[in-house]
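To start, the structure itself, in structure tokens.
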Amino acid sequence: MSSEVVDYKGQVEAVREAFEREFGRFARFRDNEESESLALDEAEGLLRELSDVRTRHTAKKSALSQLMKLIGRVPAEERARFGQSVQLLNNYVVESLDKAQAALKVRIEFLQRERERVDVTLPGRRPRRGHLHPITLLRQRIEDIFVAMGYSVEDGPEVETEFYNFTALNIPELHPARSPQDTFYTTDGLSLRSQTSTVQIHAMQRRRPPLRVIAPGRVFRRDTPDATHNPMFFQLEGLLVERGINMGHLKGTLSEFVRRLFGPSTRTRFRPSYFPFTEPSMEADYSCFKCGGAGCRLCKGSGWIELGGSGMVHPNVLRAVRVDPEEFSGFAFGLGIDRMCGLMYELDDIRLLFENDVRFLEQF
Ligand SMILES: [Zn+2]
Numbered sequence: 001m002s003s004e005v006v007d008y009k010g011q012v013e014a015v016r017e018a019f020e021r022e023f024g025r026f027a028r029f030r031d032n033e034e035s036e037s038l039a040l041d042e043a044e045g046l047l048r049e050l051s052d053v054r055t056r057h058t059a060k061k062s063a064l065s066q067l068m069k070l071i072g073r074v075p076a077e078e079r080a081r082f083g084q085s086v087q088l089l090n091n092y093v094v095e096s097l098d099k100a101q102a103a104l105k106v107r108i109e110f111l112q113r114e115r116e117r118v119d120v121t122l123p124g125r126r127p128r129r130g131h132l133h134p135i136t137l138l139r140q141r142i143e144d145i146f147v148a149m150g151y152s153v154e155d156g157p158e159v160e161t162e163f164y165n166f167t168a169l170n171i172p173e174l175h176p177a178r179s180p181q182d183t184f185y186t187t188d189g190l191s192l193r194s195q196t197s198t199v200q201i202h203a204m205q206r207r208r209p210p211l212r213v214i215a216p217g218r219v220f221r222r223d224t225p226d227a228t229h230n231p232m233f234f235q236l237e238g239l240l241v242e243r244g245i246n247m248g249h250l251k252g253t254l255s256e257f258v259r260r261l262f263g264p265s266t267r268t269r270f271r272p273s274y275f276p277f278t279e280p281s282m283e284a285d286y287s288c289f290k291c292g293g294a295g296c297r298l299c300k301g302s303g304w305i306e307l308g309g310s311g312m313v314h315p316n317v318l319r320a321v322r323v324d325p326e327e328f329s330g331f332a333f334g335l336g337i338d339r340m341c342g343l344m345y346e347l348d349d350i351r352l353l354f355e356n357d358v359r360f361l362e363q364f
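Under the numbering used here, read the sequence shown as residues 1 to 364, first letter to last.
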């Protein structure tokens, strides 16, 4: 039996004090979970430091572990009390560490959720925005002009029967336009419309005269693509059928149209022509919008630009839809939208309009 007086109580207190000194700055998280003011990196730093404190004070070589080992070696009469106080200290240390750690973890998880949450008040990342195709832009300008003159916008099918594409338009049986060399046929005898004039027939069947319609749309012809031709292109058909309509109305309408599109000083001229579905027929030209008629590269030095074909609706076309040519007369015209678009934007090649290359389209 050793006569040496060992201060067991003092040893326990010393270990407690050492722990308290290091744990002191974490105590507020244990006592009232006061962690609301911590920023995320701050809380994460404290959690790491707390873990070091736990290692120093509870690991195998810690002073607390030494006290635990000592319990068995303490004289029997002291053992119970010593063991109890060491156990209480151990509970206190572990519980303090656990509570502070839990409070810090709660704070960290909260801040992480905050950081990942989508803030709906922040401006979003804007998706790359497209805009209307140059042909669409021009088509809409043309539509606006005619709508202001009392026309309505009609639509028609792109695949047509012989009746709509040719017969009702007074195109004779053996006309070359009907040839498969000029027109795309399907295997069951339908064809892709070769002009928007087909909509004249649909429109007059749908709504009886008097009527004013325009019909923009795609048409198809068997052409070899080059800088000025494409097998698919955009036309705009116009049709007016009323009582007492004559060539003067047609000329006035087209002249007013180009003045509204290209400016009030734009002039027009008309040349006789031939189309199966109009009689008489004429080609309309307008003074070059770039040089004003003096002659430039755009108008190939002539001062004039071709607008399109037109004429008085052929009586046979009216008869094909059971409209009496003695009662009604009218005029029709067709404009090439893409060719006009190519001139307005001075494109060297109209195929650019159909290739959908963003580098080209972005320029409009
Ligand atoms: Zn010119």
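Built from N, CA and C at the ideal position, the CB exists for glycine as well.
*Contact under 8 Å by Cβ, G330 with V313*: Within the sequence shown, numbered from 1, the residue matching residue 330 stands at position 330. Within the sequence shown, numbered from 1, the residue matching residue 313 stands at position 313. It is a contact, given that the beta carbons lie within the stated cut-off.
*Out of curiosity, what's the CA-to-CA distance linking F364 and I350?*
As a first step, residue 364 is located in the sequence shown; it is residue number 364 there, counting from the start. As a first step, residue 350 is located in the sequence shown; it is residue number 350 there, counting from the start. Cα-Cα distance, rounded: 15 Å.
*Closer than 7 Å: is that where the CB of L298 sits relative to any heavy atom of ligand 1?*
Along the sequence shown, read from residue 1 onward, the residue named residue 298 stands at position 298. L298: yes, Cβ under 7 Å from ligand 1.
_Residue from T266, V118 and H202 whose Cα sits closest to the Cα of L318_ = Translated into the one-based positions of the sequence shown, residue 318 becomes position 318. Selected option, being the one with the closest Cα: H202.
*Consult DSSP for E242 and reduce its assignment to one of helix, strand or coil.*
If you number the sequence shown from 1, residue 242 lands on position 242. Looking at E242 - three-state DSSP - the assignment turns out to be strand.
*Is I142 near L261, with beta carbons less than 8 Å apart?*
Along the sequence shown, read from residue 1 onward, the residue named residue 142 stands at position 142. Along the sequence shown, read from residue 1 onward, the residue named residue 261 stands at position 261. For I142 and L261, yes; Cβs fall inside 8 Å.
*Pair every Cβ in the region 233-241 with every Cβ in the region 200-218, then say whether three or more of these pairs are closer than 8 Å.*
These segments touch.
*If you run the structure through DSSP and keep just helix, strand and coil, what is T186?*
What you label residue 186 is simply residue 186 of the sequence shown in a count that begins at 1. Coil, per DSSP.
*alpha helix (DSSP H) containing T253: first to last residue?*
Counted from its first residue, the sequence shown places residue 253 at position 253. Per DSSP, the continuous alpha helix (DSSP H) segment holding T253 begins and ends at M247 to F262.
_Cβ neighbour criterion (16 or more within 10 Å) applied to L88_ = Residue numbering aside, residue 88 sits at position 88 when the sequence shown is read from its first letter. L88 sits exposed, since fewer than 16 C-beta atoms from the chains shown fall within 10 Å of its C-beta.
*Under 7 Å Cβ to Cβ from S179, same chain only, skipping five residues before and after it: list those, please.*
Translated into positions along the sequence shown, residue 179 becomes position 179. Excluding sequence neighbours, S179 sits near nothing in its chain.
_Buried or exposed by the 16-neighbour rule on C-beta atoms within 10 Å, applied to Q235_ = Taking the sequence shown and counting its residues from 1, the one referred to as residue 235 is at position 235. By the 16-neighbour rule on beta-carbons within 10 angstroms, Q235 is buried.
*For R193 versus V219, is the C-beta spacing smaller than 8 Å?*
In the sequence shown, the residue the question calls residue 193 occupies position 193. In the sequence shown, the residue the question calls residue 219 occupies position 219. Yes, the Cβ-Cβ distance between R193 and V219 is below 8 Å.
*asked:* Please return the same chain residues whose Cβ sits closer than 7 Å to the Cβ of C288, not counting the five positions on each side in sequence.
replied: Reading the sequence shown from its first residue, position 288 is the one you call residue 288. Answer for C288: C296, L298, C299, G303, W304 and I305, listed in chain order.
*Can you give me the Cβ contacts of F23 inside the same chain, cut-off strictly under 7 Å, excluding the 5 residues immediately before and after it?*
What you label residue 23 is simply residue 23 of the sequence shown in a count that begins at 1. So the qualifying residues of the chain are V53 and S96.
*Helix, strand or coil for D7 per DSSP?*
If you number the sequence shown from 1, residue 7 lands on position 7. When secondary structure is reduced to three states using DSSP, D7 falls in the coil class, being assigned neither helix nor strand.
_Among E162, L169 and M340, whose alpha-carbon lies nearest the alpha-carbon of N316?_
Counting from one through the sequence shown, the residue named residue 316 turns up at place 316. Taking each of E162, L169 and M340 in turn and checking the Cα distance to N316, the smallest one comes out for L169.
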